[in-house]
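Per our numbering: the sequence shown = residues 3 to 254.
Data first, discussion second: the structure below is written as structure tokens.
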Amino acid sequence: MDVFKMLYQSFGSVGAYRRAVFGWRWKTLAYFVLLTLLSGTSAVIATHSTIKNFYDQSITPALAELSSVKVSDGKVKTPNGADVELKDRNGRVFAIASEKLLDASRTKGLMFAFERDRVSFYLPDGGENSMSLKDYDKLLGDMGVDAIFPSRNVLLYAITPLACLFFFVLPMNLIFWGLMTVAVYILSRTLYAELSLGGGARLALCALTPSIVVDIVSMSAFGYPMQGFAYALISGGMAYYVLRNFRTAVGE
Numbered sequence: 003m004d005v006f007k008m009l010y011q012s013f014g015s016v017g018a019y020r021r022a023v024f025g026w027r028w029k030t031l032a033y034f035v036l037l038t039l040l041s042g043t044s045a046v047i048a049t050h051s052t053i054k055n056f057y058d059q060s061i062t063p064a065l066a067e068l069s070s071v072k073v074s075d076g077k078v079k080t081p082n083g084a085d086v087e088l089k090d091r092n093g094r095v096f097a098i099a100s101e102k103l104l105d106a107s108r109t110k111g112l113m114f115a116f117e118r119d120r121v122s123f124y125l126p127d128g129g130e131n132s133m134s135l136k137d138y139d140k141l142l143g144d145m146g147v148d149a150i151f152p153s154r155n156v157l158l159y160a161i162t163p164l165a166c167l168f169f170f171v172l173p174m175n176l177i178f179w180g181l182m183t184v185a186v187y188i189l190s191r192t193l194y195a196e197l198s199l200g201g202g203a204r205l206a207l208c209a210l211t212p213s214i215v216v217d218i219v220s221m222s223a224f225g226y227p228m229q230g231f232a233y234a235l236i237s238g239g240m241a242y243y244v245l246r247n248f249r250t251a252v253g254e
């Protein structure tokens, strides 16, 4: 099937690009889905070990401590009213449960906190999201707040893949595809003016494949995504090569 062959033919086969640009319709969407699923799988593989180790070494002990933290009348109740600090294996505090609102100086470096009448999540970029604990006492009953957290398997095999796919891989692929489409269309005005905007979008998607494949290798081998400028260099160079050869290329 063309969409699968394009995974390797995108590395320079002008004939394959010609067939995709002028022949694909629904296959364009299918190919984007294929690339996104491959990227998502790579991201999950790269992060699986880290998340698994963190859950086993830090979250599991933390959940045991959080089992003694309750919610009563929509407010946090800790043993004897004392703050409960959750630490990772290196002794770093990554979460706190407190009957009072935490001072801003104590939230630095935290992942989350149960404080007075809410649970707060702290983002790496300094952002913060909070959720009220109102009515959670009715949901939890006599259970501790540890019951709010997903199990290890749910986190590893459901939440993490979906989060990687919808919050990281899908948005990034859409952004790069959109930027490449604009770049290809502008470039085609001097190299191959017959190219339509739709054709430019299909060419851009195929030209993204080498960058995505390199990114998958980088994520799987080193756990780090490829930098944006590398996407531009690899995919932009491939698009230029294909457009320059479109007039004389023959089907392969």
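Every residue gets a Cβ at the ideal spot worked out from N, C-alpha and C, and that includes glycine.
No experiment lies behind these values; they were computed from the predicted model shown.
- Pairing Ser69 with Gly25, the inter-Cα distance amounts to about 59 Å.
- Here Leu176 is exposed: its Cβ has fewer than 16 other Cβ atoms, across all protein chains shown, within 10 Å.
- Boundaries for Val71: no alpha helix (DSSP H) harbours it, and the DSSP string shows neither H nor E there.
- For Leu172, the enclosing alpha helix (DSSP H) has its first and last residue at 172-193.
- Secondary structure at Phe13: coil, using DSSP grouped into helix, strand and coil.
- Contact between Thr211 and Leu9 is confirmed by a C-beta separation of about 6 Å, below the 8 Å threshold.
- For Val95, the enclosing beta strand (DSSP E) begins and ends at 95-100.
- Beta-bridge partners of Arg154 (DSSP): none assigned.
- Nearest neighbour of Ser222 by Cα position, chosen from Val46, Ile161, Gly239, Tyr194, turns out to be Val46.
- Check the Cα spacing between Phe178 and each of Ile150, Leu37, Gly83: the tightest is with Leu37.
- Within its own chain, the residues whose Cβ lies closer than 7 Å to the Cβ of Thr109, once the five positions on either side in sequence are excluded, are Ala115, Tyr124, listed in chain order.
- Bridge pairing for Asn131: Phe123 [DSSP].
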